[in-house]
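Quick note on numbering: the numbering used here labels position 497 of the sequence shown as 1409, and the sequence is numbered without any gaps.
Written below as structure tokens is the structure these notes are about.
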Amino acid sequence: MHKYLLLFLLFVSAHLFAIDSFYSTCCKEELITQISDSGGLFNRKKTALFYQNNGYRLAWDLFGIQQLIEATEERALNYRKKAYHTAQLKQLLSEAEVTQLSHEELATLDLLATDQFFAFAKDLYEGEIDQKRFQELLKEGYKEQHLVWEPNPYKPDYVRDLRVSLQTHLLFSLLQRYVPQEKAYRDLVRAYFRYEKIRFPKVDYLKDLKEGDYGYEVSQLKHYLSVTGDLKEHDPSYLNFPTFDAKLRAAVLRFQKRHYLKQNGIFDRVNVLYAQKSAKEKLAQIRLNIERYKLFPRIHGKTYIVINIPGFWLHFFEDGALIEDIFVVIGREDRPTPIFSDYLEYIVLNPTWSIPQNLMKRDYIALLAEDPGALLEDDIHIYQGGREIDPYKVDWSKYIDYDGRIPYQMIQKAGEKNVLGAMKFIFPNKYNVYLHDTNAKHLTTKRYRLYSSGCIRLSKPHLLLSLLSPYTGYSYERLEEIISSGKTVHIRLRKKIPIHIRYLTVFVDQEGDVNFRKDFYGFDKIQSALLD
């Protein structure tokens, strides 16, 4: 601290920085020249705009530059230790300790600090995945796969933020606020630090390993699971003893849980395939998901819902803490659930189901062309202009491969046959996606739950209803009475609840274990190619 105080005095005495550097005019020509000529800037456009707005005056004092350097060297922020211009900034500061910097060097110092801020701030808030190119790919190269990932609609005003933070001397705290504030994000960053330090021992497949087995491959497995953290035993005498005991079986179960494999305690060929992924590969996957977090809209408020598509789970947060975890069924790979955020606004008890046009064309028109009465047994009726019509009086064959809008509505009445079950939870959106109960309860118990046409089916809809009941104006008991009545009732929530549908193939669970999931929709492949 004394060193930097002395350095600050040197700067002042040598007129390196004015008392208020925003009014310094010593280096206007040098700044203009360097902005025009420099090919080493990360963001020349934004940097040029900043100095235009600033009248081409020096913007930084020593304290601001020091905060910038400290923030860039803070691994919780710059977890991959990107260099930016830090070495050059330090070199110029070091030179300033022994000699007065020229106007050209002062301009360079100021310009590099500004450019570093914009590059670093963008990495913190928006991440390193090329978002523009990602959206272009979804609309062009992957159009047939119907993939949707809505971009975060909000971006900070970096130019204004820099100006204000330099005036208030709060640059470090500003940069801290740019990163996602969720514990789940911080947990992933900590996982990155752990995986960058480890190397996995080799694991070969000779046979399926189970409790009671004996041999070299058992010892090999012990060493592997000790490094991954699934086996808490690190004593060499235990690791080298080649017997598959209950302690090792518990470690295998933990490994299988983290990778969403069949949990049977048997280390089979499939398990070995997962174990043969290197730490470097898993580190890259962790990095991708850290950067992916920055694509999501930031979470605000204390009550909200987060759904992770590859994890098949819904988390309900109250007062910022996770209070319930509900399994969900998600969209099939050919009918993927869109990734976006919205607000839960109302609940429908005993809902009818209005079949969307795209599903009418995909699933029902051909069926009706073959047998016009096929849907009646499922209590699905045909309407036109609000009036029910006889399905036998329509030539359904002419709507096969039909490009236009089909002039009929298909509505399934409320009841036991209704695919939405006893309730649906609505967050109005252009994708016609919502949460709902299901009459196919067996699908919620499957391991890989990709069976819907985009909507999200709940394994415990009544639990979610009870969690939301304080926002309905009704007691949970009263809501259940309405369900029992069979009457269709719309209930608007007194407070909109944020809901975030996300796509994370790596996450840290409540026990602190790093979980890896399959890339069902192919987003890992697309986005990893777009990382800077």
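Quick reminder that beta carbons are idealized off the backbone N, C-alpha and C, glycines included.
Closer than 6 Å: is that where the CB of residue 1180 sits relative to any heavy atom of the ligand MG? The ligand MG is not part of the structure shown, which contains no ligands of any sort.
Quick one: what's got a C-beta closer than 7 Å to residue 1439's C-beta in the same chain, skipping five residues either side? 1041, 1046, 1200 and 1204
With burial defined as no fewer than 16 other Cβ atoms inside 10 Å of the residue's Cβ, what is the status of residue 1142: buried or exposed? buried
From residue 1429 to residue 1184, what does the alpha carbon distance come to, in whole angstroms? 16 Å
Would you call the stretch 972-985 in contact with the stretch 1068-1087, where contact means no fewer than 3 C-beta pairs closer than 8 Å? Segments in contact, yes.
Using only CA atoms, which one of 1135, 978, 1080 and 1377 lies nearest to residue 1338? 1377
Per the DSSP calculation, residue 1424 is bridged to which residue(s)? According to DSSP, residue 1424 bridges with nothing at all.
Go ahead and pull the three-state DSSP assignment for residue 1188. Coil at residue 1188, not helix or strand.
Please state whether DSSP places residue 940 in a helix, a strand or coil. helix
Name the residue from 1372, 988 and 1300 whose alpha carbon lies nearest to the alpha carbon of residue 1091. With distances taken between Cα atoms, residue 1091 lies closest to 988.
Pick from 1340, 1344 and 1372: whose alpha carbon is nearest that of residue 1352? For residue 1352, the nearest C-alpha among the options comes from 1372.
Enclosing alpha helix (DSSP H) for residue 1148 [first to last residue]: 1148-1152
For residue 1369, the three-state DSSP class (helix, strand or coil): strand
Determine the contact status of residue 1272 and residue 1318, defining contact as a CB-CB distance below 7 Å. yes
With 16 other Cβ atoms within 10 Å as the buried cut-off, status of residue 1364: buried
Please report the residue range of the beta strand (DSSP E) in which residue 1414 lies. 1401-1414
With 7 Å set as the bound, which would you pick, yes or no: does the beta-carbon of residue 1280 sit closer than that to a beta-carbon of chain D? This model lacks chain D altogether, as it is built from one protein chain only.
Using the C-alpha atoms, what's the distance from residue 1177 back to residue 1433? Cα-Cα distance, rounded: 29 Å.
Residue 1133 and residue 979 - do their beta-carbons sit closer together than 7 Å? Their beta carbons are not under 7 Å apart, which means residue 979 does not touch residue 1133 by this criterion.
Do residue 943 and residue 968 have their C-beta atoms closer together than 7 Å? yes
Rounded straight-line distance, which links the Cα of residue 1255 to that of residue 1303: 37 Å
For residue 1410 versus residue 1232, is the C-beta distance shorter than 7 Å? No Cβ-Cβ contact shorter than 7 Å links residue 1410 with residue 1232.
Can you say whether residue 1320 is buried or exposed, counting buried as having 16 or more other CB atoms within 10 angstroms of its CB? buried
For the putative contact between residue 1104 and residue 1198, defined by C-beta atoms under 8 Å, what is the C-beta separation to the nearest angstrom? 5 Å
Taking DSSP's pairing of strands, which residues face residue 1241 in a bridge? 1369
Using DSSP with H/G/I as helix, E/B as strand and the rest coil, what is residue 1345? coil
So what does residue 1041 bridge to, in DSSP terms? 1443
Which stretch, first to last residue, makes up the beta strand (DSSP E) that contains residue 1099? That residue, residue 1099, is in no beta strand (DSSP E); its alpha helix (DSSP H) goes 1095-1107.
Sequence-distant residues of the same chain with beta carbon closer than 6 Å to residue 954, five excluded per side: The residues 1027 and 1031, in chain order, have a CB closer than 6 Å to that of residue 954 in the same chain once the five nearest residues on each side in sequence are set aside.
Cutting at 7 Å between CB atoms, please list the residues of its own chain near residue 927, excluding the five before and the five after it. Its pLDDT being 37, under 50, residue 927 is placed unreliably in this model, and the coordinates cannot settle the point.
Are residue 1228 and residue 1221 close, meaning C-beta to C-beta below 7 Å? Cβ atoms of residue 1228 and residue 1221: not closer than 7 Å.
Assumed close pair residue 1037, residue 1068 - CB separation to whole angstroms, cut-off 8 Å: 6 Å
Between residue 1093 and the rest of its own chain, which residues show a CB-CB distance below 8 Å, the 5 nearest in sequence each way excluded? 1210 and 1211
Which of the three DSSP states, helix, strand or coil, is assigned to residue 1482? One cannot answer for residue 1482 here, as it falls past the ends of the chain, which runs 913 to 1444.
For residue 885, which residues in the same chain have their Cβ closer than 8 Å to its Cβ, ignoring the five residues on either side in sequence? This structure gives no information on residue 885, because the portion of the chain shown stretches from 913 to 1444.
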